[in-house]
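Chemist:
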């Protein structure tokens, strides 16, 4: 799946590695190195991959989005967009990874199940005392102080947060406030800022933003006691 749907979209491209020695993925010199497969209702490539022989099993690695050159499969750099209000930026902030191990040579297609490696924050705003639903619809939400860069191990699908914290502007398509974020720990920090007119409300939170998990934060905002 990509960031917003339950299926890939036309034009999406994944990268495929094939390894004949178990758990030996490297940047170059595998049986198949970073072959791009594009989706248009089915998967196709200009570089076909063949089995080594009739008996040698293979490990298949898949990742998305595709990049033509990867120098280090143990520490692939990836970055989510700080401004995800644009749908294109939001979708390009997703990272998918999957592996099918010890596959016996077959004339059939090899199935690889991919999963979301990053984390997702969804914010629901509820009008408290002094506000109404229209106020919530006009509110501005910011995800505060999260690292937006990661080092991803393509052999294991593990993402490690790197770089400096940034504020993230979430996407608001389909009446949902959401942002794709790097998995990381937040400790008693200002996580979500809600701005309504000239009033600013801050939620401090401790949370482990987990890989492959959606974290839903429901906030009731009250006007008169500055409460959130």
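In the numbering used here, the protein residues as written are 846 to 1073.
Glycine included, each C-beta is placed from N, C-alpha and C at the ideal position.
#1: Indicate whether residue 1062 and residue 959 have their beta-carbon atoms separated by less than 7 Å.
#2: Taking residue 1012 and residue 1047 to be in contact with their CB atoms under 8 Å, please state how far apart those CB atoms are, rounded to whole angstroms.
#3: Using the Cα positions of residue 951 and residue 896, report the straight-line distance between them to the nearest angstrom.
#4: Measure the CB-CB distance between residue 1039 and residue 984 and report whether it falls below 7 Å.
#5: When you compare the region 996–1006 with the region 906–921, are there three or more beta-carbon pairs, one atom per stretch, that lie closer than 8 Å?
#6: Are the CB atoms of residue 879 and residue 903 nearer to each other than 7 Å?
#7: Determine the DSSP secondary structure at residue 854, reduced to helix, strand or coil.
#8: Within 10 angstroms of its Cβ, does residue 936 collect 16 or more other Cβ (buried), or is it exposed?
#9: What are the boundary residues of the alpha helix (DSSP H) that residue 982 is part of?
#10: Leaving aside the five residues before and after residue 962 along the sequence, list all residues of the same chain whose C-beta is less than 6 Å from its C-beta, in chain order.
#11: Flag this pair as yes or no: are the beta carbons of residue 1053 and residue 1030 separated by less than 7 Å?
Modeler: Short version:
#1: no
#2: About 12 Å separates the two Cβ atoms, so there is no contact after all.
#3: 9 Å
#4: yes
#5: yes
#6: No, the Cβ-Cβ distance between residue 879 and residue 903 is not below 7 Å.
#7: coil
#8: Looking at its Cβ environment, which holds 16 or more other Cβ atoms inside 10 Å, residue 936 is buried.
#9: 978–983
#10: 940, 942, 1002, 1004 and 1056
#11: yes
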